[in-house]
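Novice: Sequences listed follow chains A and B, in order. Last residue of the first sequence: 116 in our numbering, with the numbers rising by one and none dropped. Last residue of the second sequence: 232 in our numbering, with the numbers rising by one and none dropped. Below you'll find the structure I mean.
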Amino acid sequence: NAGVTQTPKFRILKIGQSMTLQCTQDMNHNYMYWYRQDPGMGLKLIYYSVGAGITDKGEVPNGYNVSRSTTEDFPLRLELAAPSQTSVYFCASSYPDVEGRGTEAFFGQGTRLTVV
Amino acid sequence: AQKITQTQPGMFVQEKEAVTLDCTYDTSDQSYGLFWYKQPSSGEMIFLIYQGSYDEQNATEGRYSLNFQKARKSANLVISASQLGDSAMYFCAMREGREYGNKLVFGAGTILRVKS
C-alpha cells in the first residue's frame, strides 16, 4: 500500500495563478481531509469529505475548493493564489472504527507551496 | 476558544531520560479521542498514540505512554528513555464525540530537542 500520496511536493506560484494539489489514497478510507500548516503552527482544517460526492468546509476554507468524485481522490483547488496561502498542505484520510469513532488520520508527505 | 492547548513551545531533554509533553483540551462531549503525532524535520506526520475518552487504562505504545487525566482534561505524552531521533515537533489533537467526519483539531505543538 502506498498510503496517502500527494503531488506535487513543492510548488512556487505567482499571485493570481491557480493550481490543483492532488491527493490519492489506496486504503479505501471514507474520510479525507485537507489541512494547512503555517510556519511554527499546528494544522488547520481547510475542507473534508466523508465519502464520494460529499464535501464540507473546515476552519479555513476561503480561497480553496475541493471535489470528491471517487473514494480514492480528493484534489484541492487554489483559485487566484495569494501570499497568505503560502503554507505546507497536508492531505489525510481515516475511517470510522466498528463503534463509529474516528481512528487516527494517515497523512501524505505534504506539499510546500510558496506564493510570490 | 482554543480546544487544544500545548503550553510548552520548546523542551529539552537529556538522552536516555524521560520527558513529559503537556496537552490540555476543552470539550463538552462525553465521547472523544485524543491523539499524538510526531513531525520530524523532514515534515511528515507520524501517528504515535491514541486515547479514547472511555478507555479506562492509559494508552501505551512502546516508549510512548499517555497520561490521561479526564477530570483535569489533560492528555500528556510521556516519552521514556529519550533518543536523539525523538527530536521533533509533537502535536496533540482531538476528535470530538462522533462528530460528522471525525475531524481532528490540533494544538500548536511542542518542539522537543534531545541532547547527547
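Even for Gly, the Cβ is constructed at its ideal location relative to N, Cα and C.
(1) From the DSSP output, read off the bridge partner residues of B/A204.
(2) Return the chain-ordered list of same chain residues with a C-beta closer than 7 Å to the C-beta of A/N28, the five sequence neighbours on each side being excluded.
(3) Whole angstroms are fine: how far does the CA of A/Y33 sit from the CA of A/C23?
(4) Does the Cβ of A/G42 have 16 or more other Cβ atoms within 10 Å, making it buried, or fewer, making it exposed?
(5) Please confirm if B/F184 has its CB atom under 8 Å from at least one CB of chain A.
(6) Considering only DSSP beta bridges, list what A/D73 is partnered with.
(7) To the nearest angstrom, how far is the alpha carbon of A/G63 from that of B/I162?
(8) Is there a Cβ from chain A that is less than 8 Å from the Cβ of B/M235?
(9) Between which two residues does the beta strand (DSSP E) harbouring B/M127 extend?
(10) Hey, would you say B/V230 sits closer than 8 Å to B/Q199, going by beta carbons?
(11) Please compile the residues from chain A whose C-beta is within a distance smaller than 7 Å of the C-beta of B/N218.
(12) Nearest to A/E59 by CA position, among B/N183, B/P156, B/K219, is which residue?
(13) Which residue's Cα is closest to the Cα of B/A209: B/D202, B/I227, B/E160, B/W152?
(14) With a threshold of 16 other CB atoms inside 10 Å of the CB of A/T111, please say whether the residue is buried or exposed.
(15) Based on the DSSP output, what are the partners of B/C139 in its beta bridges?
(16) Give the residues from the region 71 to 91 of chain A that approach chain B closer than 9 Å (Cβ to any Cβ), ordered along the chain.
(17) Can you name the residues of chain A whose CB is closer than 9 Å to the CB of B/F207?
(18) Measuring only the C-alpha atoms, how far is B/D138 from A/Q109?
(19) Does the Cβ of A/E104 lie closer than 7 Å to at least one heavy atom of the ligand GTP?
(20) Report all residues from its chain with a CB closer than 7 Å to the CB of A/S87; omit the five preceding and five following residues, and keep chain order.
Specialist: Looking at the coordinates:
(1) B/A204 is bridged to B/L228.
(2) Excluding residues within five positions, the ones whose Cβ falls inside 7 Å are T71.
(3) Spanning the two alpha carbons is a distance of roughly 10 Å.
(4) By the C-beta density criterion, A/G42 is buried, having at least 16 other C-beta atoms within 10 angstroms.
(5) Cβ-Cβ to chain A under 8 Å: no for B/F184.
(6) Residue pairing from DSSP places A/D73 in a beta bridge opposite A/T24.
(7) C-alpha separation (whole angstroms): 28 Å.
(8) An answer regarding residue 235 of chain B cannot be provided, because it is not within the stretch 117 to 232 covered by chain B.
(9) For B/M127, the uninterrupted beta strand (DSSP E) run begins and ends at 126 to 130, by DSSP.
(10) For B/V230 and B/Q199, yes; Cβs fall inside 8 Å.
(11) At a C-beta separation below 7 Å, B/N218 has these neighbours in chain A: Y31, S94, P96, G102.
(12) Among B/N183, B/P156, B/K219, the Cα nearest to that of A/E59 is on B/K219.
(13) By alpha-carbon distance to B/A209, the top candidate from B/D202, B/I227, B/E160, B/W152 is B/W152.
(14) With 16 or more neighbouring CB atoms inside 10 Å of its own CB, A/T111 falls in the buried class.
(15) Per DSSP, none; premise fails for B/C139.
(16) From the region 71 to 91 of chain A, only V88, F90 have a Cβ closer than 9 Å to chain B.
(17) The contacting residues are G42, L43.
(18) Using only the alpha carbons, I get a separation of about 26 Å.
(19) For the ligand GTP, the structure offers nothing, since it holds no ligand at all.
(20) These residues qualify, in order along the chain: R36, Q37, D38, L113.
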